[in-house]
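Going line by line, the protein sequences match chains A and B. FYI, the numbering for the first sequence is 54 to 171, going by the working numbering. FYI, the numbering for the second sequence is 54 to 171, going by the working numbering. The C-beta atom is built at its ideal place from N, Cα and C for all residues, glycine as well.
2 protein chains.
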Amino acid sequence: MPPTSMGHCLTTLPSLRDALDVVSGKWKLLILVALATGHQRFRDIERSVPGISSKVLAKELKDLEQHQLIQRTVQEGPPVLVTYEVLPYADTLDPVIFALREWGLNHRRKIMGAGSEA
Amino acid sequence: MPPTSMGHCLTTLPSLRDALDVVSGKWKLLILVALATGHQRFRDIERSVPGISSKVLAKELKDLEQHQLIQRTVQEGPPVLVTYEVLPYADTLDPVIFALREWGLNHRRKIMGAGSEA
DNA sequence: TACCTTTGCTTACCAAAAGTGAGCAGCTAC
DNA sequence: GTAGCTGCTCACTTTTGGTAAGCAAAGGTA
């Protein structure tokens with residue numbers, strides 16, 4: 054039972070736009086979740102986010118870094134190691150991710166349930 | 054203090070993807086909010102969602118209709134009148150919109166606050 | 001040593017989507 | 001009549017996305 058139903062105020066549109074400008078892609082939230090679940094290397098993320106390509110991942114990681122949601126660290130050494138990690142600020146997106154996750158779960162149930170329709 | 058911080062479970066990724074498949078564009082949530090705030094005619098929505106074009110709006114409205122989030126109604130009569138309205142199901146997206154709105158609000162503050170940086 | 005694999009990307013190339021401007025049918029206003 | 005609004009669509013350009021390949025540096029394997 055959402056307490057806000059229909060109660061969108063005038064600041065909703067601009068704030069939403071601000072948020073969407075950072076987060077609206079198909080991949081960004083997925084990447085953040087992958088990072089949060091322990092996948093910190095490029096190839097590791099690539100494998101854990103099904104369907105993403107190297108090119109897009111590289112670009113998205115740059116975007117996320119620019120928005121200060123993640124941090125890229127290069128560990129020099131005989132094998133140069135690059136790791137990505139979510140910054141604390143990215144945790145503020147948890148409510149968004151949570152809400153979206155819940156909705157996705159529910160939506161799938163709806164779609165599956167009404168299986169008799171085209 | 055988000056209670057879910059880092060606590061993403063294994064169903065997060067697929068559920069998130071399901072949700073993003075419906076809602077990930079730059080415009081869909083904005084359109085839903087515009088509809089929910091009383092803009093129900095095409096041109097009205099177009100004007101209230103800054104930056105959107107007729108073409109994209111038409112396409113997004115079709116998508117939203119297909120996903121059963123909105124309903125298109127044509128009232129025949131001397132002036133044919135087309136109205137769009139959010140279906141009850143779209144209200145289930147309120148938590149998502151709310152979370153995103155909050156985040157956007159906060160993010161703008163952060164960006165503005167750190168104004169001395171590039 | 002040669003050969004294959006992994007990593008973290010980048011580069012061409014092509015397809016899909018978004019943005020731009022014009023326009024159109026049907027109506028109203030003047 | 002002509003100008004305007006509405007709800008779109010069309011043709012065109014630009015931007016974004018996706019695919020496959022490749023590359024330098026290192027590691028394994030024999």
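Backbone CA spacing between residue i and residue j [nearest angstrom]
i        : j        : result
A/His160 : B/Leu82  : 16 Å
B/Leu114 : A/Val133 : 48 Å
B/Ser77  : A/Gln93  : 24 Å
A/Ser101 : A/Gln128 : 22 Å
B/Arg70  : B/Pro148 : 17 Å
A/Tyr137 : A/Gly104 : 19 Å
A/Lys163 : B/Leu66  : 18 Å
B/Ala72  : B/Gly166 : 32 Å
A/Ala171 : B/Asp74  : Low confidence applies here, because A/Ala171 scores a pLDDT of 39, under 50, leaving its location unreliable and the question unanswered by this model.
A/Thr126 : A/Ala87  : 17 Å
B/Ser107 : B/Ser68  : 31 Å
B/Ile150 : A/Gly91  : 28 Å
Beta-carbon neighbours of residue i, restricted to chain B and to distances below 9 Å
i        : result
A/His92  : The premise fails here: A/His92 is roughly 10 Å from chain B at the closest Cβ pair, so nothing lies under 9 Å.
A/Val86  : His61, Thr65, Leu66 and Leu69
A/Arg125 : Going along chain B, no residue has its Cβ under 9 Å from A/Arg125, so there is no contact; the nearest lies around 18 Å.
Closer than 6 Å: residue i CB and nearest the ligand ATP heavy atom
i        : result
A/Arg162 : Of ligands this structure carries none, so the ligand ATP is not represented either.
Partners in chain B for residue i, counting only beta-carbon separations shorter than 8 Å
i       : result
A/Leu82 : Leu69 and Leu73
Chain-ordered chain B contacts of residue i [CB-CB under 7 Å]
i        : result
A/Lys79  : Leu73 and Ser77
A/Leu134 : Simply none; closest approach about 22 Å.
A/Arg100 : Per Cβ cutoff of 7 Å: no residues; A/Arg100 is ~12 Å from chain B at best.
Residue of the options minimising C-alpha distance to residue i
i        : options                                 : result
A/Glu118 : A/Leu66, A/Val135, A/Leu140 and A/Leu73 : A/Leu140
B/Trp80  : B/Leu63, B/Ala111 and B/Gly91           : B/Ala111
A/Phe95  : A/Asp74, A/Val75 and A/Ile123           : A/Ile123
A/Glu99  : A/Thr90, A/Ile84 and A/Ala89            : A/Ile84
B/Thr145 : A/Glu155, A/Asp97 and A/Asp116          : A/Glu155
B/Ala143 : B/Gly130, B/Val109 and B/Asp116         : B/Asp116
A/His120 : B/Gly157, B/Leu63, B/Thr64 and B/Asp97  : B/Gly157
Chain A residues whose Cβ lies nearer than 8 Å to that of residue i
i        : result
B/Asp146 : The displayed chain sequence assigns Leu, not Asp, to residue 146 of chain B. What B/Leu146 touches in chain A: Trp156.
B/Arg96  : What B/Arg96 touches in chain A: nothing, since even the nearest Cβ is about 17 Å away.
Runs of beta strand (DSSP E) lying entirely within the stretch 110-141 of chain A, each at least 3 residues, in chain order: With a minimum length of 3 residues, the unbroken runs of beta strand (DSSP E) contained wholly in the stretch 110-141 of chain A fall at 123-128 and 134-139.
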